[in-house]
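**Q** Residue numbering for the sequence shown follows our numbering, beginning at 1 and increasing consecutively. First, the structure itself, so that you have it in front of you.
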Amino acid sequence: MEILSKQEEFEKLEKGPLYNGTPFDFFGFKKGNPYIIEFKGSLKSFNYPDETEKRRMQELLKSIDGLNVALLQVKLQTSEYRIYYNEDMKPLFEGKERPLDKIERWIKSRL
Numbered sequence: 001m002e003i004l005s006k007q008e009e010f011e012k013l014e015k016g017p018l019y020n021g022t023p024f025d026f027f028g029f030k031k032g033n034p035y036i037i038e039f040k041g042s043l044k045s046f047n048y049p050d051e052t053e054k055r056r057m058q059e060l061l062k063s064i065d066g067l068n069v070a071l072l073q074v075k076l077q078t079s080e081y082r083i084y085y086n087e088d089m090k091p092l093f094e095g096k097e098r099p100l101d102k103i104e105r106w107i108k109s110r111l
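Set out below in structure tokens:
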């Protein structure tokens with residue numbers, strides 16, 4: 001979370017809900033805007049969310065006005081990271097649909 005708070009200037013960071021199928025790891029605000037943040041770490045490479053995670057993130061973005069998305073990728077061996085925001089994520093969004101009611105309520109309770 002240090003990368004998110006110190007390097008990327010996110011505030012009010014917290015871990016996402018532990019519901020089965022939650023498609024993000026962290027929730028926070030950047031410049032007053034709410035974000036769901038998916039973290040992918042690997043020793044030597046940058047990894048991506050699986051198809052279902054990407055599809056579920058897209059569904060949340062469609063159902064909650066003003067919600068944003070970020071993907072934080074970290075190479076643990078070299079401490080390199082990169083982060084993608086909203087528009088950068090569009091090509092990644094595909095996957096199976098699953099209900100998101102509980103997760104939507106969790107996010108809305110924090111807005």
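Every residue, glycine too, gets a C-beta built ideally from N, C-alpha and C.
Put E9 into one of helix, strand or coil per three-state DSSP.
**A** Looking at E9 - three-state DSSP - the assignment turns out to be coil, as it is neither helix nor strand.
**Q** Strictly by DSSP, which residues pair up with Y85?
**A** Partner(s): A70.
**Q** Taking R105 as the reference, which of E8, I64, D88, D25 has the closest Cα?
**A** Of the listed residues, the one whose Cα sits closest to R105 is I64.
**Q** Within 10 angstroms of the Cβ of Y35, are there 16 or more other Cβ atoms? Answer buried if so, exposed if not.
**A** So Y35 counts as buried.
**Q** Which residue from L111, E87, I83, V69 puts its Cα closest to that of P118?
**A** Nothing in the structure corresponds to residue 118, since the chain is present only between 1 and 111.
**Q** For the alpha helix (DSSP H) that contains I64, what are its first and last residues?
**A** No alpha helix (DSSP H) contains I64, which DSSP labels as neither H nor E.
**Q** Give the single residue among K102, R98, K44, E9 whose Cα lies nearest to the Cα of K54.
**A** Of the candidates K102, R98, K44, E9, the one whose C-alpha sits nearest the C-alpha of K54 is R98.
**Q** On a CA-only basis, which of M57, G28, F27 is nearest G21? Give me that one, please.
**A** Ranking the options by Cα distance to G21, first place goes to M57.
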